[in-house]
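Asker: Got a structure for you, written out below as structure tokens; questions coming shortly.
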Amino acid sequence: MALLSLVSPIISILTSQGIIPKIVILGTFVVSGTGLLGLILGVLGYNETEHKWKSITAIVVYIVGTLLYFIFGYAVMVDALMDIMSGLIPYPY
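Numbering-wise (this note's numbering), the sequence shown opens with residue -3 and increments by one.
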């Protein structure tokens, strides 16, 4: 599950390059939520498992994926939200 947090930066990069539409960046919130679930399960499972490296790996992958998402995706997300909101706000004449 934590590996899903690496999907968000990939989507952000593809969106910033214009390969996929900007609206797709909003779908990364779902991916981030699933990655957060992986983080929670990694923390909860740390004491329960004999293989501590699995839990540590899940935690590290989530943190790295989230950092990459905020590095690459924040500007794209702001741009996409501005495009969406600009259609809702009437311009003064």
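Cβ coordinates follow ideal geometry from the N, Cα and C atoms, glycine included.
1) Rounding to the nearest angstrom, what Cα-Cα distance links Val20 and Ile80 in this structure?
2) Taking the alpha carbon of Leu77 as the point to measure from, which residue in Lys18, Ser8, Leu10 and Phe68 has its own alpha carbon closest?
3) So what does DSSP say about Pro5, is it helix, strand or coil?
4) Looking at Gly41 and the ligand ATP, is the gap between the Cβ and the nearest heavy atom below 6 angstroms?
5) Tell me whether Leu84 sits in a helix, a strand or coil according to DSSP, three-state version.
Answerer: From the atom records:
1) Those two C-alpha atoms are separated by around 12 angstroms.
2) Considering only alpha carbons, the answer is Lys18.
3) Annotated three-state conformation of Pro5 is helix, per DSSP.
4) Here there are no bound small molecules, and the ligand ATP is not part of this structure.
5) Residue state, collapsed to three classes: coil.
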